[in-house]
Structures are given as C-alpha cells and as structure tokens.
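Protein chains: 2
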Amino acid sequence: MKNLVGAALLGQSGGPTSVINASAAGVFLEALKQENITEVYGAIHGIKGILNEDFYDIKQEDVEELMLLKNTPSSAIGSVRYKMKDPKKDDSEYVRLLEVFKKYNIRYFFYNGGNDSMDTCNKISKFFKKSEYACNVIGVPKTIDNDLNATDHSPGYASAAKYVATTLMELYHDATVYDTKMITIVEVMGRNAGWLTAAAALAQMKNQGPDLIYLPEIPFDLEDFFVQVHKVLDKKGKVIVAVSEGIKTEDGKYIPEKYGELKTDAFGHAQLGGTAQVLANEVANRIDAKVRAIEFSLLQRSAAHLASKVDVEEAFKSGVKAVKAAVAGTTDKMVGFKRVSSNPYKIKYVMLPLRLAANTEQKVPLEWILPDGKGMTQEYIDYALPLIQGESKAKLVDGLPRFAQLKKVRVVKK
Amino acid sequence: MKNLVGAALLGQSGGPTSVINASAAGVFLEALKQENITEVYGAIHGIKGILNEDFYDIKQEDVEELMLLKNTPSSAIGSVRYKMKDPKKDDSEYVRLLEVFKKYNIRYFFYNGGNDSMDTCNKISKFFKKSEYACNVIGVPKTIDNDLNATDHSPGYASAAKYVATTLMELYHDATVYDTKMITIVEVMGRNAGWLTAAAALAQMKNQGPDLIYLPEIPFDLEDFFVQVHKVLDKKGKVIVAVSEGIKTEDGKYIPEKYGELKTDAFGHAQLGGTAQVLANEVANRIDAKVRAIEFSLLQRSAAHLASKVDVEEAFKSGVKAVKAAVAGTTDKMVGFKRVSSNPYKIKYVMLPLRLAANTEQKVPLEWILPDGKGMTQEYIDYALPLIQGESKAKLVDGLPRFAQLKKVRVVKK
Chain V
1 MKNLVGAALL GQSGGPTSVI NASAAGVFLE ALKQENITEV YGAIHGIKGI LNEDFYDIKQ
61 EDVEELMLLK NTPSSAIGSV RYKMKDPKKD DSEYVRLLEV FKKYNIRYFF YNGGNDSMDT
121 CNKISKFFKK SEYACNVIGV PKTIDNDLNA TDHSPGYASA AKYVATTLME LYHDATVYDT
181 KMITIVEVMG RNAGWLTAAA ALAQMKNQGP DLIYLPEIPF DLEDFFVQVH KVLDKKGKVI
241 VAVSEGIKTE DGKYIPEKYG ELKTDAFGHA QLGGTAQVLA NEVANRIDAK VRAIEFSLLQ
301 RSAAHLASKV DVEEAFKSGV KAVKAAVAGT TDKMVGFKRV SSNPYKIKYV MLPLRLAANT
361 EQKVPLEWIL PDGKGMTQEY IDYALPLIQG ESKAKLVDGL PRFAQLKKVR VVKK
Chain L
1 MKNLVGAALL GQSGGPTSVI NASAAGVFLE ALKQENITEV YGAIHGIKGI LNEDFYDIKQ
61 EDVEELMLLK NTPSSAIGSV RYKMKDPKKD DSEYVRLLEV FKKYNIRYFF YNGGNDSMDT
121 CNKISKFFKK SEYACNVIGV PKTIDNDLNA TDHSPGYASA AKYVATTLME LYHDATVYDT
181 KMITIVEVMG RNAGWLTAAA ALAQMKNQGP DLIYLPEIPF DLEDFFVQVH KVLDKKGKVI
241 VAVSEGIKTE DGKYIPEKYG ELKTDAFGHA QLGGTAQVLA NEVANRIDAK VRAIEFSLLQ
301 RSAAHLASKV DVEEAFKSGV KAVKAAVAGT TDKMVGFKRV SSNPYKIKYV MLPLRLAANT
361 EQKVPLEWIL PDGKGMTQEY IDYALPLIQG ESKAKLVDGL PRFAQLKKVR VVKK
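Chains as they are written, first to last, in full-length UniProt numbering: chain V, 1 to 414; chain L, 1 to 414.
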C-alpha cells in the first residue's frame, strides 16, 4: 500500500553472517531518510523482541556509527531462532504481533534472514493482509548456506565462501609442510546444501586447495572415501579434504549419527562429535598417517575482516532497496538477485513473492558436482568467483577492527 | 670468521608461522646480493634435507617471486621436526652434516626456527667450531609461541596474536547473539607458554573479548573454573573462555589426559580430544547451557591474510640482518630483538649467543597474569599492542591471495 505513514521495524533472524549488519545499515540509514517513516525501530532478538515489545530506538544512534555496521559481523540488535506456529492451527502469536504493530503504529516491517525467517515473514505478511492491517512487509535475504530459493544468491554467502577459499589456501601451505604422511579433514558449515563447501573449489582452482570435496547433495560412502584418500596419499603423501557438516550416508544418516558415539550430557542433551572429527577417527583406524580434523565453526560466518566487497555492498543495497520498495507501496516480497551476466558480473535487484523463498531449499545443481569427491565444475567457478571479489572491512584502531558500538537505547514500552 | 667465500644455506624448522617465509625472503634476497656468497641453497625439510643433500637452488628463482614469500604463509621449502642426537653420545649425524657442508662448500648457514631448532643450530655451530670447519652459523628466530629466550619477542608471534585477538572479537559478536544461555570455549595454541592465549586480552581491552582467559603458567583447577563460568553466566547469560591447549592441573596433567577419554587408534596412536572439547564436555555435564568448543588449530599460525605489518617487516629484516652479520664475520649467534621503548615502539636488533636461546623456554611473567582467569595486566597490553600494528598481506588475484610460487629447482647432487 502506498503513502503509509508510521514506524519502520527491522528484525534480524537465524544464524549471523559477516554482512547481516550491512543489510541492517541499509535499512536503518534509508529509513531515517524517508519522510513517511516516523520512527525507526530494531527488534531485539527478532520475533521474540516484537512479542515482548522490546525495541531499540534507532533514531538515537549516530549516523556514523550506523555506517560502521556495514563492516561489523553478526547481528547487532540480537538474533533469534524461533519457529512460529502455523496460524491455521494457532494464531495467538500473530494476534499478539498485530496488537504490538498497532500499538506502535508500525507500518513498515523488514525481516532479515534465511528460509525459516522468510517463512515467518511470509506468514506474518499473509496474516496482516487477512486482518486488513496496512503494513508493507519486505524480506531481506541472508544466509551463508546460500540455500534461499528463487534468488541467484544471498548476502552472507560470498563472504563465507571467501573465508573458506582463502583459509583453505593458507591451510594447504601449512598442512603440506612436513615430509611425513598427513591427512587433514576440514569441516565446513551447510546442513543441507553444499554451497559453502563448494567454495573449496575456488582454492583448488589455484592449486592450493583440498584434494577432495564432499557436499551433502551426494550420498557419502565411507568405503569409497577411504579409496579416494588412499589414492591421493599414495601419490602426494598428504591429503586435504573439505567436507560439509551435512553429508549423509545412503540411508540418510549424518556422519556423527552413523559412525560417532552418541553420548548425552547430564542434562540429557545429545553430544555428537563433529563430522570432520568422526571421519578423522575412522580414517585413523584405517590408514597409518597423522590425521587432523579442523572445524571452521563460527569463524566462517563471523570473519568480517575477510568479507567480500561485492557481498557487503549487495547486503547494504538489499536493505536500502527493501525500504525504498516498501515506501513505494510494495509488500509481501523478498529482495532477490537476478544475474544478468557473470563476466562482467552484473545483477539486477528483483522483488520476489515471499512465498517463493519461504521454507524451500535451493541445493547445488548435481551436474555441477564432480564424481569421487573431485570438486566442482567450471560452471560453479563461474558462478562463485564474481561474488568473492574485493575487500570491505572495518578500519583498524590499535591494530584491531573498530566495530560499530551502538548506544542501544530501548524504546519505552507503551 | 671474516671473508669466507662459499655457498649459503637456509633451513626452515618446526611448526610454520605466517611469517617464516618473510625471514626466508630476507635471507635469500640479501644472500643473492652478497659477493662472498657463491650459491644460495634452501634445505628441503630442514636438517633432513641437509643429511640427504636435498637442496633447492635459489638462484633459479625470480626475485619478484622471492619477494612474494614475504606474505606467503608456512614454510615454502619444507619444514621438519627432527631432534638431533647429543653429539657427545653419537656424533654420526654431525659428521655427516660436516661432510655435506664441505662437499657443497657451504660457508654460511642460517637456521630459522624455535627453541628446539636453536638447540640444533647451537650444536651444529659448536661441532663445526670443534672440527675447525669455517662456517658462519646464525639462527633466525620464529615461533608463534613466543617462548624463545633472551629476545623481547620472536617473529611469528605478533601475527598469530593479531589473529587470536581479531578472531575473538568477531566471535564475541557471534557468540552473544541469541538470548539463550551459551558458553563458548576457544582453544589457543601454546604447549608450555601462554603468550598466544594472552593475546585474548587485546580483544578484552576492546570489551569484545573472552570473559575468562587461562594460561598454562597457572595450574588449572576445574572446580574453580566452574565457579568462574557460573559467575559470568549468571551476570551476562553468555560466557566466552579462551584456554591455552597447554593448561595443566596441579598434578601436572594436561586436560585431555586428566579428564578426557584416552583412546588409541588401530595403529596404537593415542587419540586425545582437544583441551577445549574436553572442558566443554565437563561444563556441559555441570551447567545447563549450550556449550561449544572452538579450536583455532592450524588457522592461527597460517592466517597470512591477517598478518601484522610489524611482524612481517621484523621477520624479513631478521633474515637480512642474519646474512649481513654472517658475511661480516659473525657466527654462533641468533638474531634477537631488544626493546628500546614501547611507546613509541622501538626495537634494536641484537646478536645473541645461540646457547642462550637453545632449548630454553621464556614463559609469561606470573605477575602479568590476573587471578581467577580474569585476563592480563596493563604490562602485557603495553608489551603486545605495538607488535600487532599494521597490515601486510599478499595482493589479491581473483579475490584470493597471490602467494609465491617457487620453481623449486633441485640442486644436482655432487
């Protein structure tokens, strides 16, 4: 709806990335400029913050500090993993959200997250429409997993991919330095889609990457894995393997489920080893070599010092475009990217129906994955390489990054 | 001895660092300029390469490519962990080394490594002297552990410290993003000295670091650790801990030895969990919160993209100074740093007797360590902060670092 006058609210949701705050900077800075937007709020811990009427007042922040968000990793206003109920079964949370939106006259809602979050955003959007509450709802994509549907790629992926490729190149130099037999198994995030693990192929392209790459799109066969590792070991004396945390055996089991020891802690929580560690144990029992497991863990999604400039700028612009579109009357959409060309790299920002992105997963095309863990085809390289270009990072103070330090003034509850 | 004419040989030894190749660049480029130096060799895998007469001919390399070594991580000519025998008990290896040195007329020997390597270097130096073989022997320091004796600090430490501080700042933003209870335990290298873990205090100084820091210099008490973790958790809801891999309990046992499950693989190698993982398991059994272990592993010593400029320049100059000193007649010494002042930062390069650095460990002064895991005193900050200043890294090609690619032409065996 056009000409809505009221507050704008941004929520950050799901696992953080290096650039989710860049999108926040885009939303906040653009919202502060818009005449129709009377207040700019940040929901503290996403949906939970809305349910609790817990907001930061972004008008209290210095614009210079908001600019620094562009290069500050993670989710500055707090994130959340919260799956809302199906409104058809229980709409109490939606009724509560509507109450809060009305109370604070929130007419612009931006939700920054992955496919779960777009599902949330989609449900809220539909509920508001049904309730005839005028509010323009726009999803802003982010995920290091790159598994959001209908968009060429998502902010957050490129910086994590750049981290994976760069770090694997550095590891290559380290893990091949002795004249003894060594096997290094590196675990990369991505529970269902192998996009991030595929970035290992960018290091391979420089002949300074892993010998073997395993994505969750292809069922994992331990015996065949031993064969491939042996082949490389016999030839080179060293093996570097990049595995997705999400690889599964033919029967649909994750590696720690299938081969690890399931332990539970004193509180009944399952304690599963990591994929790389469990594989390393299996390899150590089968092959006589020094075996080491390395997990990129949270480092791969928070390494803002190694962010891709393309990614930071696209994340920022996604936020700006979301606000501009909403003010122009757009609702029920997610900002997406359509690739015009890879060389030279050119994308168009498009507004996609939220339902297209909600809760679906875009996996790596099977035809881009080489057999026997050999890596990726040129199609993948052509797709990914333009995304990791350039550098954009926080300036240094005392040799350390100067991240944004928000005042975080809470909005007084009405 | 002055006016020696003959070949120069460099060996790289021990665990790699981000800047060991910067020292190699210094040695090689300076040696190539010296008239008295007839050939420039790189020993392939350190001492092993010398015993096997296995050398690279550095004169075959392009100077521009050797310059790129400054920003290429790890040990370009191969490293080794090899403890030579005590020459008093068995001098056969030393006799062999002497034979090789004579055969190739090697009159300048540079060995780049930590305290084990300086011990090797010292023994070789003394054996040559005893054998009346004229060869100027100079040690070039390197270690991320910073435990070399008699020098203010060692190349390699500062870049690893910068990695630890920067990455912990980024992790701080990631690990505090949800409104749920979370405990993150991060493991930093350093088997006996806590210098590298101490660098966590640089992130603390920015109020974006770990809450608790544990160095191996202070015996570790698990019960007290629970108390400290609980205190922080009650106050903040999140706890970030930096622990040295080398922390030991009062009875001198490493954490995995004391609390881990000792397993052996099919080949009889011990498989011990990491310190952080074992601690995380203990915490998970005691405290009801999400607990995560993160190991910086090889990443902390190979992250050339995050190297300190001060470190890269000092590593390079150490190599240059070693060659200049050797050609001027100096032998049986290690290049060391003497700090003139911290603010402004100023050091003097000094030539230290090799025996001072050999096989001794310089630990973190106990009076610099705060009690109860609280971190470090201002003395440590004043010491470490000047070291991590500035950036120096490989230029990017395709968005990825362009590391040195040596031709690696082998010297024909005589």
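All C-beta atoms in this analysis are idealised placements derived from N, C-alpha and C, irrespective of residue type, glycine included.
Sort the options by Cα distance to residue i and report the nearest one.
i                     : options                                       : result
Gln-228 (chain V)     : V:Val-40, V:Gln-34, V:Lys-33 and V:Gly-375    : V:Gly-375
Ser-308 (chain L)     : L:Ile-47, L:Pro-386 and L:Lys-236             : L:Pro-386
residue 437 (chain V) : V:Val-241, V:Pro-155, V:Asn-343 and V:Asp-234 : This structure cannot settle anything about residue 437 (chain V), because the visible part of chain V is limited to 1 through 414.
Lys-408 (chain V)     : V:Glu-61, V:Ala-25 and V:Lys-2                : V:Glu-61
residue 435 (chain L) : L:Val-177, L:Ile-183, L:Leu-215 and L:Asn-207 : Because residue 435 (chain L) is not part of the residues shown, which for chain L are 1 to 414, the question remains open.
Gln-362 (chain L)     : L:Asp-211, L:Gly-114, L:Lys-395 and L:Asp-179 : L:Gly-114
Val-350 (chain V)     : V:Phe-128, V:Gly-399, V:Lys-338 and V:Pro-256 : V:Lys-338
Gly-345 (chain V)     : V:Glu-257, V:Tyr-383 and V:Val-177            : The identity of residue 345 (chain V) in the sequence shown is Tyr, whereas the question assumes Gly. Answer by Cα proximity: V:Tyr-383.
Val-310 (chain L)     : V:Asp-398, V:Arg-410 and V:Cys-135            : V:Asp-398
What number of angstroms, rounded off, separates the C-alpha of residue i from the C-alpha of residue j?
i                     : j                 : result
Asp-116 (chain L)     : Ala-315 (chain V) : 49 Å
Ala-328 (chain L)     : Gly-273 (chain L) : 50 Å
Ala-160 (chain V)     : Ser-244 (chain V) : 13 Å
Val-100 (chain V)     : Ile-138 (chain V) : 18 Å
Tyr-172 (chain V)     : Gly-209 (chain V) : 6 Å
Ala-22 (chain V)      : Ser-75 (chain V)  : 10 Å
Thr-38 (chain L)      : Leu-352 (chain L) : 27 Å
Ser-13 (chain L)      : Val-40 (chain L)  : 18 Å
Ala-325 (chain L)     : Asn-146 (chain L) : 23 Å
Lys-413 (chain V)     : Ile-20 (chain V)  : 27 Å
Ile-287 (chain L)     : Ala-266 (chain V) : 9 Å
His-153 (chain L)     : Gly-26 (chain L)  : 18 Å
Asp-251 (chain V)     : Tyr-157 (chain L) : 47 Å
Ile-355 (chain V)     : Lys-142 (chain V) : Checking the sequence shown, residue 355 (chain V) turns out to be Arg, not Ile. Cα to Cα, Arg-355 (chain V) sits roughly 16 Å from Lys-142 (chain V).
Thr-264 (chain V)     : Asn-122 (chain V) : 37 Å
residue 415 (chain V) : Asn-285 (chain L) : Examination of residue 415 (chain V) is not possible in this model, given that chain V is present from 1 through 414 alone.
Val-232 (chain V)     : Ile-240 (chain V) : 9 Å
Lys-2 (chain L)       : Val-335 (chain L) : 18 Å
Val-63 (chain V)      : Lys-162 (chain V) : 29 Å
Lys-235 (chain L)     : Pro-371 (chain L) : 19 Å
Ile-381 (chain L)     : Phe-226 (chain L) : 27 Å
His-230 (chain L)     : Glu-257 (chain V) : 31 Å
Tyr-254 (chain L)     : Ile-247 (chain L) : 6 Å
Leu-306 (chain V)     : Thr-167 (chain V) : 10 Å
If you measure between the beta carbons of residue i and residue j, is that distance less than 8 Å?
i                 : j                 : result
Pro-219 (chain L) : Thr-249 (chain L) : yes
Glu-391 (chain V) : Ala-304 (chain L) : no
Ala-201 (chain L) : Ile-213 (chain L) : yes
Arg-107 (chain L) : Gly-6 (chain L)   : yes
Ile-44 (chain L)  : Asp-54 (chain L)  : yes
Asp-174 (chain L) : Pro-16 (chain V)  : yes
Ala-357 (chain L) : Ala-150 (chain L) : yes
Asn-105 (chain L) : Leu-10 (chain L)  : no
Glu-217 (chain V) : Ile-369 (chain V) : yes
Leu-51 (chain V)  : Leu-98 (chain V)  : no
Asp-193 (chain V) : Ala-165 (chain V) : The amino acid at residue 193 (chain V) is misidentified as Asp; the sequence shows Ala. In this structure, Ala-165 (chain V) does not lie closer than 8 Å to Ala-193 (chain V) by Cβ.
Ile-144 (chain V) : Met-84 (chain V)  : no
Ala-270 (chain L) : Glu-295 (chain L) : no
Ile-47 (chain V)  : Tyr-94 (chain V)  : no
Ala-340 (chain L) : Lys-348 (chain L) : One detail in the question is off: residue 340 (chain L) reads as Val in this sequence, not Ala. It is a contact, given that the beta carbons lie within the stated cut-off.
Ala-280 (chain V) : Leu-68 (chain V)  : no
Val-320 (chain L) : Asn-71 (chain L)  : no
Thr-176 (chain L) : Lys-238 (chain L) : yes
Measuring from the CB of residue i, is there a heavy atom of the ligand ADP at a distance below 7 Å?
i                 : result
Ala-289 (chain L) : This structure does not include the ligand ADP; it has no bound ligands of any sort.
Below 8 Å on the Cβ atoms is my contact criterion, and I expect residue i with residue j to pass it. Report the Cβ-Cβ distance as a whole number of Å.
i                 : j                 : result
Val-140 (chain L) : Ser-302 (chain L) : Between Ser-302 (chain L) and Val-140 (chain L) the Cβ distance is about 19 Å, and since that is not below 8 Å, they are no contact.
Asp-91 (chain V)  : Phe-127 (chain V) : 7 Å
Leu-4 (chain L)   : Leu-29 (chain L)  : No, Leu-4 (chain L) and Leu-29 (chain L) are not in contact; Cβ-Cβ is about 20 Å, not under 8 Å.
Met-182 (chain L) : Lys-290 (chain L) : 5 Å
Tyr-178 (chain L) : Ser-79 (chain V)  : 6 Å
> For the region 141 to 173 of chain L, which residues have a CB atom closer than 8 Å to at least one CB atom of chain V, in sequence order?
Replying inline: Of all residues in the region 141 to 173 of chain L, those with a C-beta nearer than 8 Å to a C-beta of chain V are Lys-162, Ala-165, Thr-166, Thr-167, Met-169, Glu-170, Leu-171 and His-173, reading in chain order.
> Any residues in the region 195 to 216 of chain L with a beta carbon nearer than 9 Å to a beta carbon of chain V? Which ones, in chain order?
Replying inline: Going along the region 195 to 216 of chain L in chain order, one finds Leu-202, Ala-203, Met-205, Lys-206, Asn-207 and Gln-208 with a Cβ nearer than 9 Å to chain V.
> Closer than 8 Å, Cβ to any Cβ of chain L: which residues of the region 377 to 391 of chain V, in chain order?
Replying inline: Hits within the stretch, in order: Leu-385, Ile-388, Gln-389, Gly-390 and Glu-391.
> Relative to chain V, which residues along the region 75 to 89 of chain L have a C-beta separation below 9 Å, given in chain order?
Replying inline: Going along the region 75 to 89 of chain L in chain order, one finds Ser-75, Ala-76, Gly-78, Ser-79, Val-80 and Arg-81 with a Cβ nearer than 9 Å to chain V.
> Residues in the region 36 to 67 of chain L with C-beta within 7 Å of chain V's C-beta atoms, listed in sequence order?
Replying inline: Going along the region 36 to 67 of chain L in chain order, one finds His-45 and Lys-48 with a Cβ nearer than 7 Å to chain V.
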